Amino acid sequence: MFNAREKILNKIKAGLDPLQSRAHREISVETRLSNPSKYVVPKRAQLNRAKLVLLFEQMAEEVAATTSRVSSVDELPETIIEYLNRYNLPSRIKTDTNPLLNGVEWAKHPTLEVNYGKAEDNDQNSITVAFAGVAETGTAVLTSGPNNPTTLNFLPENHIIIMPVSRLFGTYEETWAHLRAEMGNIEITFPRTVNWITGPSRTGDIEQTIQLGIHGPKRLHVILLEDNDEETG
Amino acid sequence: MQVTSSSFKENTRDALSNPTLQNSLKRLHTGFVSSRARAAARMPEFELLRDQARDIKDHVLAHLDVYLEKFELQCQAHGGHVHWCRDENHAKDVVLEICRKANAKTVTKGKSMIGEEIAINDHLEANGIEPIETDLGEYIIQLRNEPPSHIIAPATHVSKEQVADAFRLTHSDLDPARNLDEPDNILAEARAMLRNRYLEADVGITGANFLVAETGTSIIVTNEGNGDLTQTLPKVHIVLASIEKVVPTLLDATALLRVLARSATGQEMSSYTTFSTGPKRETDVDGPSEYHVILLDNGRSNLLNSEFKEMLRCIRCGACLNHCPVYGAIGGHAYGWVYPGPMGSVLSPGLIGLQNTKHLPQASTLCGKCEEVCPVRIPLPHLLRSWRFLIHEQGLADRKFNWGFTIWAHLAKRPKLYKHVVGWLIRILALGALNKGRYKYLPGLKAWTQTRDFPAPQGKTFMQQWRENEDV
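Residue numbers (this note's numbering), protein chains in the order written: chain A, 1 to 233; chain B, 234 to 705.
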């Protein structure tokens, strides 16, 4: 059992093309890893920023998410309160400590209770800031880190994502490039968790009919924040 | 998992005469098949994406040793543990050991076909640890104590009423008169019942759709969010993966993800795609403090050096099941092991031996639909034929089957004799039908005439028509 690793690797090696030596394979792998080959990328999402926003909204709504737009972080509390009221939800949110939200003056809205940290069982509403967005499929990309607990994305029934428009891209590939640009050598700095979220939780396990909200959030709302390249953490 | 593939014929008979199953199978066909067609039509690059997906997997398989070692290195660099497991028993022991070290009482589970392959639930249970399936479909079949019937929709054979029955039986402390008629009610009950199980579990076990060598990452794709609660809340996360799941980079995984959901459910993208790398970091607010990856071989390295190598490209989307007329008629359980449908009929003999599974490669009309929809272009009909060849070579075929083909081969090699025998046979059958044009019963063809009539031959033979056309 101790040498299972060697046994498996030896069997694999014995099964590979005998004309390609191990040294050859290593070179070929290194080349591939350091010069990623060209990938087929759908034309659908090769658009200007304004059209990307429209495509993102359309795709997200197709999968039963809702969207709204705000032009500055100052508008966030009212938008959130309005959303909670619309669905008769308690006026209490759990949010991450993302620097993007530092400037939000929650205190001006005393009816809204704001808590920070990871999600607990009784948290019904969460607010998290997206690392990026993918218009191609209306997908939000969220990364874990000191300011971004992953549980906020899954445990509460209602999830609101703040999506800075400056971080909206056409394709997933562009979000990876952005992650690399921001985090440096991702072989080392890659976050513990990267979540792609496309609509609320759903299941087709009961007679193939789609039902929303089985284990994750029942509702997903994305607030597109028209920002000027503010930093998110 | 226990193999019942050798009683395939009996399984099939049961499946065909099960009205609940037949109803569910109809739904499956209309649901997944039309959604996939819509998704493919909406993506003009879809065929190119499939070529690309095939090429990525071929590249990985040709460099599998290097990529697995790279994955191991990167996973460890992020604080993860990698366990190489040769077979089912080895993997079960390793998982149990990790659970014991964590003093685990309960274990939540995301959907994992490797989990089914090594029957991990039985093993944990036998050792006093309670496994709780959290994917709704898996939860349902766990309550009903049966195996999955589809690789992505495990409870597709179960009706709404049967789910309600299972819930009433298991959730016995709830009001017996409660309404479980609508899927909404069932969903709410499942959500409520599983909530605490997530929070109190000591270990979470998930599968992996892909492993990324470049970063040492495991990827899961779900719609329910159960996999994420399973891998984020407990203090230990165990990933069950087989060796062919590794891909070079995040970009390769991305390319494969573009064809996965579209081929599987016809979604543009599943609700949740999650990339997990190692345990929680020092500064992270949540996440597991231990992260283990099981790399299971269980016969796959043998396939690498065989004519069935291309089967290792499979990304388990289930499209070949959804489009298969045989799967559509008998469902998944009849196949008798973890993997049903065309992909299972090719993979199962490779993993658990041809002796047990010799009926499976025969259970195909070779219509080619599976290959037509496979996102990584596995030539499934060709591989099924290769197994048939081996069945014949190893003398595993039924005597009646061999006898029939021996007679046919004898005739086919002698054109004159063939013409005479077939010519007479046609005349007799045409006369015997007595103007009805069909037979309700024919000796020796009972299996055929049981479910449909045999049409009586009419008009001229192919050779006669050929000769007449030649004159023209």
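The beta carbon of each residue, even a glycine, is placed where N, CA and C say it ideally should be.
These numbers come from a predicted model, not from an experiment.
The beta-carbon of A/H215 is placed less than 8 angstroms from the nearest beta-carbon of chain B. Residue-level contact by beta carbon fails for B/T403 and chain A, as no gap is shorter than 8 angstroms. B/A441 carries a coil assignment under DSSP once its states are collapsed to helix, strand and coil. The stretch 478-492 of chain B makes no contact with the stretch 109-119 of chain A; the number of CB pairs closer than 8 angstroms stays below 3. The beta carbon of A/D227 sits closer than 7 angstroms to the beta carbons of P164, V165, S166 from its chain, once the five residues preceding and following it are set aside; these are given in chain order. Think of a sphere of 8 angstroms around the beta carbon of B/K393: the chain A residues whose beta carbon falls inside it are I206, E207, in chain order. C-alpha of A/G213 to C-alpha of B/S504: approximately 11 angstroms in a straight line. By the neighbour-count definition (other C-beta atoms within 10 Å, threshold 16), B/T639 is an exposed residue. A residue is called buried when at least 16 other Cβ atoms come within 10 angstroms of its Cβ; B/Y431 meets this threshold and is buried.
A distance below 7 angstroms between beta-carbons, with the five flanking residues on each side excluded, links A/V134 to the following residues of its chain, in chain order: V141, F169, T171, Y172, T175.
Less than 8 angstroms separates the beta-carbon of B/A399 from that of B/L376.
Counting every other CB atom within 10 Å of its CB across the protein chains shown gives B/H625 a total below 16, marking it as exposed.
For the stretch 177-198 of chain A, the residues whose beta carbon sits under 8 angstroms from a beta carbon of chain B are, in order, I186, E187, I188, F190, P191, R192, T193, V194, N195, W196, I197, T198. Using a 10 angstroms sphere on the CB of A/N10, the tally of other CB atoms stays under 16, which defines it as exposed.
Contact annotation for B/C318 against chain A: A4 [CB-CB distance below 7 angstroms, chain order]. If you check the CB distance, B/K338 and B/T463 do not come in under 8 angstroms.
When C-alpha distances from A/R44 are compared across A/R219, A/T209, A/G138, A/H159, the shortest belongs to A/G138. A straight-line Cα-Cα distance of about 30 angstroms links B/L658 and B/H592.
Taking the C-beta atoms as reference points, B/G564 is found nearer than 8 angstroms to B/A248. Listed along chain B are M276, E278, each with a C-beta nearer than 7 angstroms to that of A/P42. Contact between the stretch 595-602 of chain B and the stretch 617-631 of chain B is present, with at least three C-beta pairs closer than 8 angstroms. Between the stretch 215-227 of chain A and the stretch 64-73 of chain A, the count of Cβ pairs shorter than 8 angstroms is three or higher; the stretches touch.
Close CB contacts of B/L254 within its chain, under the 7 angstroms cut and outside five residues either way in sequence, are with A248, H390, G564 (chain order). Counting only the Cα atoms, B/N635 lies some 14 angstroms from B/L644. Taking 4 residues as the shortest admissible run, the stretch 397-482 of chain B contains the following complete alpha helix (DSSP H) segments, listed from N- to C-terminal end: 416-433, 459-465.
Separation of the CB atoms of B/W620 and B/S238 is rounded to 13 angstroms, and the pair is thereby denied contact status at 8 angstroms. Chain A places a beta carbon closer than 8 angstroms to that of B/S503, counting this residue as a contact. Counting along the chain, the unbroken beta strand (DSSP E) around B/K342 starts and ends at 339-342.
For A/T150, a Cβ of chain B is located within less than 8 angstroms of the residue's own Cβ. Straight-line spacing of the CA atoms in A/V194 and A/Q58 works out to 23 angstroms.
Residue environment for B/T516: exposed (fewer than 16 other C-beta atoms within 10 angstroms of its C-beta). Distances from the alpha-carbon of B/K303 to those of A/S201, A/E30, A/A130, A/I127 put A/E30 closest. B/F508 and B/I452 have their C-alpha atoms some 5 angstroms from each other. The contact set of B/Y300 on chain A, defined by CB atoms closer than 7 angstroms, consists of V29 in chain order. Of the other Cβ atoms in all chains shown, 16 or more fall within 10 Å of the Cβ of B/G313; this residue is therefore buried.
When the five nearest sequence neighbours on each side are left out, the beta carbons in the same chain lying within less than 6 angstroms of the beta carbon of B/Q500 are those of A494, in order along the chain.
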